[in-house]
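J.: Quick note on the numbering used here: the sequence shown kicks off at -1 and runs consecutively. Note that CB positions come from ideal geometry on N, CA and C, so glycine has one too. Please read through the structure below; I'll follow up with questions.
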Amino acid sequence: MTTKIVVPEMGESVVEATVARWLKKEGDRVVPGEPVVELETDKIDLEVSADRPGILSRIERQEGENVKVGDVLGIVEEAEEAVAVTEKSEEKTAEGVHEPPP
């Protein structure tokens, strides 16, 4: 199961923010309540956490990008799914690597 990390409501007059810094990188484990990314606005700075435990499988918005409330920042996969995706990716990489003849 995948879960999206989205830009939360930030107040009545705040509708846009900038991705300041990712505290986790793709492949890192995340747990609910643990900050994953920092956002900055002209009024507030805030940390956004994942709603569910898992692996940060994809970062959708890079540092310095402007985002709006509701935009997807990243994707969290359940740990078991993330392992399966990683294993498939590694298999494809291994298949595509050919050693040059001696």
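(1) Can you tell which of Glu58, Leu54 and Leu44 has its C-alpha closest to the C-alpha of Glu15?
(2) In three-state terms, what does DSSP make of Ala18?
(3) For Gly31, which of Thr0, Asp49 and Lys66 has the nearest alpha-carbon?
(4) Thinking C-alpha only, which one of Thr1, Lys22, Asp26 and Val5 is nearest Gly63?
(5) Can you tell me where the beta strand (DSSP E) with Lys2 in it begins and where it stops?
(6) Which residues mark the beginning and the end of the beta strand (DSSP E) in which Val46 is found?
(7) Grab the span of the beta strand (DSSP E) containing Lys66 for me, first residue to last.
(8) Beta carbon of Thr39, beta carbon of Val67: below 8 angstroms?
(9) Which term fits Glu75, buried or exposed, when burial requires 16 or more other beta carbons within 10 angstroms of its beta carbon?
(10) What are the start and end residues of the beta strand (DSSP E) that includes Pro33?
T.: Judging by the given coordinates:
(1) Correcting the residue type first, residue 15 is Ala in the shown sequence and not Glu. Minimum Cα distance to Ala15 is reached at Leu44.
(2) strand
(3) Asp49
(4) In the sequence as displayed, the identity of residue 63 is Glu instead of Gly. For the residues Thr1, Lys22, Asp26 and Val5, the minimum Cα distance to Glu63 belongs to Val5.
(5) Thr0 to Val4
(6) Asp43 to Ser47
(7) Asn64 to Lys66
(8) no
(9) buried
(10) Pro33 to Glu38
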